[in-house]
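One structure is given below, encoded as structure tokens.
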Amino acid sequence: SSSRGSARGDARATTAAAASTSDADALGIAFPSCAPGEGSRGRGLFVTGEDPAVPLVQTPLSVTVCVPEAVGPAASDACVDAVRALYAGWEDALGVAPPEPVVDFLTRGEAPKDLRVAVALVWATRAVPAWRAYRRETVPAEFDALYLASEEELEALQDASISRMAVGAGANYAAGWGWVRANHPEVVDALESIENDESSISVEDDFAWARACAHTRAMSGTLGGGACAFVVPGVDLANHSFEPNAAFSVSRDATSFALTWDMEHSTTFGKRSTPTPPKRGDEVLICYGARMPNALLMLHYGFLDPANPNDQLPMECLLPGARIVRSKSVARAGKRLSDVKDERAEWAARQMMTMANPLDDAGDTQSDKRCVAAMRDAANALLDAFPTNAAADEALLEKEASGMTSRMEMCVRYRLLQKRNIEAFVRFLDTLEEEAEE
3 SSSRGSARGD
13 ARATTAAAAS
23 TSDADALGIA
33 FPSCAPGEGS
43 RGRGLFVTGE
53 DPAVPLVQTP
63 LSVTVCVPEA
73 VGPAASDACV
83 DAVRALYAGW
93 EDALGVAPPE
103 PVVDFLTRGE
113 APKDLRVAVA
123 LVWATRAVPA
133 WRAYRRETVP
143 AEFDALYLAS
153 EEELEALQDA
163 SISRMAVGAG
173 ANYAAGWGWV
183 RANHPEVVDA
193 LESIENDESS
203 ISVEDDFAWA
213 RACAHTRAMS
223 GTLGGGACAF
233 VVPGVDLANH
243 SFEPNAAFSV
253 SRDATSFALT
263 WDMEHSTTFG
273 KRSTPTPPKR
283 GDEVLICYGA
293 RMPNALLMLH
303 YGFLDPANPN
313 DQLPMECLLP
323 GARIVRSKSV
333 ARAGKRLSDV
343 KDERAEWAAR
353 QMMTMANPLD
363 DAGDTQSDKR
373 CVAAMRDAAN
383 ALLDAFPTNA
393 AADEALLEKE
403 ASGMTSRMEM
413 CVRYRLLQKR
423 NIEAFVRFLD
433 TLEEEAEE
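The sequence shown: position 367 = 369 (the numbering used here), numbered continuously.
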């Protein structure tokens, strides 16, 4: 979605705002049961109809960007042929089709899929008027992915390991254009030969934008029996949740890419007990990756989810109690925290449960209490090691957020979240200590 630079991922939208559809008209996008609008996640899609059988968004397949995921020996000829046919259809659908060197690279080039998607996006947004309009009116001019962060922004994370990961990813992605130029000069020639009076941006800078766009907007689908990566105007406006309510796929007749309501709310973590139909004003949400921790959401998408179920407590907190503290004591503490609705402390209890001692005759009250004391010392040492405390971070966000870049705000929110998670672990330890005494 266009809001994937937002650091706020927890609140649900309640209103839908009107949005221009001039670019959607040019690409043939249909919004039968939802509409673009603004909500707590930024721009997104919001339900306008309540029939779950009606598609939310339908985009003609013949206007989408698509590359096969597999290339080289693992490539599927049927998939490659289907993708080539898709680009041939651009001539009728969009008035112009990519030249053969570009299509060859998209379908057969032995390069990462995001790099091939980026080449497709550069060509589309330079050569195709409808795609140029979609870029101008809908897609961000800049992205907040962490691998694009400045040194100051990375320092604000207060997390050296994630900073190193971002720097490494940034260097790798920055080398992409040089690799294309060295190994596929015919592709570079095709891109640089496009006549486009609207753009003063170099093809190399366009490629950097397009690769970030590919990271934030590409989605999976099947074509010609093979897995593909798509960028789908309209559908790509859907925001992320670990509790999605919509699903996306290529239609059975392979004529469109559709976003549909998911009555079962399916995720990797389970399904709703009761099928839930759409209600007007609901935000349409998809899952970008059911197992993604915040580090990866920030790295590629430029946002974090404060309630991310995949985040982990620092191992330094858990190790003093690993395989020693009794699982039955942890379970009782978790139940008490659930009863008082301390969700993050209960989350910490679940983290500890994976490392607790499951044996019924393991340990005793005193061993549990020794573990609690050691884990509390470790947690407090981690909190003391941060350059700032949680209260200072919150004060900074309250005072300076309006003057921060959205990426800087994300970085500060990330470090605050780490501290709040450790504080939640300490609350769990307090409860665990009380349970050990009972």
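The beta-carbon is built from N, C-alpha and C at its ideal position, and this holds for glycine as well. Being a predicted model, the structure only gives us computed values, none of them experimental.
Please look up how many angstroms separate the CB atoms of residue i and residue j, rounded, as I've assumed it's under 8 Å.
i: L306; j: Y416; result: 6 Å
i: V189; j: P100; result: About 10 Å separates the two Cβ atoms, so there is no contact after all.
i: H242; j: L287; result: 7 Å
i: V85; j: F209; result: Their Cβ separation, rounded to whole angstroms, is 20 Å, which puts V85 and F209 out of contact at 8 Å.
i: L96; j: T257; result: With 8 Å as the limit, L96 and T257 do not qualify as a contact, their Cβ atoms being about 15 Å apart.
i: V141; j: C215; result: 6 Å
i: F430; j: L339; result: 6 Å
i: E155; j: M377; result: 32 Å between Cβ atoms; not a contact.
i: P280; j: P54; result: 6 Å
i: E206; j: W179; result: 5 Å
i: L418; j: D386; result: That pair is no contact at about 16 Å.
How long is the line joining the alpha carbons of residue i and residue j, rounded to whole angstroms?
i: G111; j: V233; result: 18 Å
i: P389; j: C413; result: 14 Å
i: A350; j: K115; result: 37 Å
i: T23; j: G46; result: For T23, the predicted model reports a pLDDT of 49, less than 50, meaning its position is unreliable and no value from the coordinates is stated.
i: Q420; j: V59; result: 37 Å
i: L399; j: S408; result: 11 Å
i: V119; j: A358; result: 45 Å
i: T367; j: K330; result: 11 Å
i: V105; j: G236; result: 23 Å
i: L315; j: I424; result: 7 Å
i: S369; j: V327; result: 7 Å
i: S253; j: L261; result: 10 Å
i: A129; j: T224; result: 26 Å
i: A335; j: A392; result: 25 Å
i: S165; j: L159; result: 7 Å
i: P295; j: D313; result: 5 Å
i: A147; j: Y303; result: 5 Å
i: R6; j: R372; result: With a pLDDT of only 41 at R6, under the threshold of 50, the placement of this residue in the model should not be trusted, and no figure is reported.
i: A220; j: A324; result: 40 Å
i: D27; j: A240; result: 18 Å
i: A177; j: A113; result: 12 Å
i: V67; j: A122; result: 7 Å
i: F170; j: E144; result: Phe is not the amino acid found at residue 170; the sequence shown has Gly there. G170 and E144: Cα-Cα distance of roughly 20 Å.
i: S152; j: A168; result: 10 Å
i: R10; j: A364; result: Its pLDDT being 31, under 50, R10 is placed unreliably by the model, and the measurement read from it follows with that caveat. C-alpha separation (whole angstroms): 43 Å.
i: A333; j: M355; result: 7 Å
i: P131; j: S78; result: 31 Å
i: T433; j: A375; result: 12 Å
i: L298; j: G291; result: 10 Å
i: N247; j: T278; result: 9 Å
i: E437; j: G405; result: 46 Å
i: A135; j: I203; result: 16 Å
Nearest by alpha-carbon distance to residue i: which of the options is it?
i: P311; options: R118, Q353, K337, K115; result: Q353
i: G228; options: S42, G74, V82, G39; result: V82
i: A426; options: A397, A381, E439, M410; result: A381
i: C289; options: L159, D238, E155, R338; result: D238
i: E318; options: V69, R166, D146, L384; result: L384
i: D94; options: L108, E154, V65, F430; result: V65
i: E348; options: E396, V428, F244; result: V428
i: A2; options: D264, A240, F259; result: Beyond the ends of the chain as shown, which are 3 and 440, falls residue 2; an answer cannot be given.
i: T61; options: S251, A438, G405; result: S251
i: L301; options: N185, G172, S404; result: G172
i: G39; options: V342, D341, R282, E402; result: R282
Which two residues bound the contiguous beta strand (DSSP E) that contains residue i?
i: A37; result: 36-41
i: R45; result: 44-49
i: Q60; result: 59-62
i: A231; result: 228-233
i: A249; result: 248-252
What first and last residue would you give for the alpha helix (DSSP H) that runs through residue i?
i: T442; result: Shown here, the chain extends from 3 to 440; a query on residue 442 therefore has no answer.
i: T262; result: Taken as a continuous stretch (DSSP letters only), T262 belongs to no alpha helix (DSSP H), being part of the beta strand (DSSP E) at 258-263.
i: S369; result: 367-387
i: G172; result: 162-176
i: A347; result: 345-355
i: F430; result: 408-439
i: D192; result: Looking at the sequence shown, residue 192 is not Asp but Ala. It spans 187-194 - the alpha helix (DSSP H) in which A192 sits, taken as one unbroken run.
i: Y136; result: 131-139
i: L148; result: Element bounds for L148: n/a, residue is neither H nor E.
i: L156; result: 153-159
i: E400; result: 392-402
Should residue i be counted as a contact of the ligand PLP given a C-beta to heavy atom distance under 7 Å?
i: S152; result: The model depicted lacks the ligand PLP and carries no ligand whatsoever.
Indicate whether at least one CB of chain D lies closer than 8 Å to the CB of residue i.
i: G74; result: Annotation note: the requested chain D is absent from the structure, which comprises a single protein chain.
For this session: With a floor of 4 residues, list each alpha helix (DSSP H) that falls wholly inside the region 66-121, ordered by position along the chain.
Result: 79-90, 92-96, 102-110
For this session: Write down every uninterrupted run of the alpha helix (DSSP H) in the region 288-330 whose length is 4 residues or greater and which is fully enclosed by it, in chain order.
Result: 317-320
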